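Heads up, the thing below is written out as structure tokens.
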Amino acid sequence: MAHNLGAMSESDRIKSIKTGFAVEMADATKHTFRLTPQSIGVLLNLSVATFERRRRDAKPLDVVASERLDRIATIALMAEEVFEDSAAASEWMATPNPALGGNTPIMQCETSIGGRQVRRILNSLEWGGVV
13 MAHNLGAMSE
23 SDRIKSIKTG
33 FAVEMADATK
43 HTFRLTPQSI
53 GVLLNLSVAT
63 FERRRRDAKP
73 LDVVASERLD
83 RIATIALMAE
93 EVFEDSAAAS
103 EWMATPNPAL
113 GGNTPIMQCE
123 TSIGGRQVRR
133 ILNSLEWGGV
143 V
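For the working numbering, add 12 to where a residue sits in the sequence shown, where the first one is 1.
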């Protein structure tokens, strides 16, 4: 998922966000970061019932959920570059972080401000700075 989005231009990503990502992208995120149905719902601003209805009806996610998935994919790719290993990056994203007030980096990506915080930490880790 993340690699496909990472290869797209920003214009193409915006078009995809407006069209809506497939529910399977959210499922992949849920699986990769070991999220509960409730957690993926919070992360994507969807109730569990709405999420399941979109899956059942084969409807794409809305713009808000799609943009959040795009943010997560971008940050997950950055983590993979920093850790040079996708499993290590996924583990880091799913582990509570004291620099984020004990929140996990993945759940911090619920907002753009939280996403920027995660990026700052990854930049610090990449350049050997203090987090």
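For every residue, glycine included, the Cβ atom is placed at its ideal position computed from N, Cα and C. Quick caveat, the model's predicted, so the values are computed rather than measured.
Inset, instruction - For Arg83, count neighbouring Cβ atoms within 10 angstroms of its own Cβ and tell me buried if that reaches 16, exposed if not. - result: In the assembly as shown, Arg83 is a buried residue. Its beta-carbon has 16 or more other beta-carbons within 10 Å.
Inset, instruction - Thinking Ala85 and Ala101 are a contact (beta carbons under 8 Å), I'd like their distance in whole angstroms, please. - result: Going by Cβ atoms, the distance from Ala85 to Ala101 rounds to 12 Å, so no, they are not a contact pair.
Legend entry - Residue environment, Val75, which counts as buried when at least 16 other CB atoms sit within 10 Å: exposed
Inset, instruction - May I ask you to verify whether the region 103-120 touches the region 129-136, counting CB pairs closer than 8 Å and requiring at least 3? - result: yes
Legend entry - Residues of its chain near Met90, where Cβ-Cβ distance is below 8 Å and the 5 sequence neighbours each way are ignored: Closer than 8 Å at the Cβ level, and outside the excluded window around Met90, lie Arg131, Leu134.
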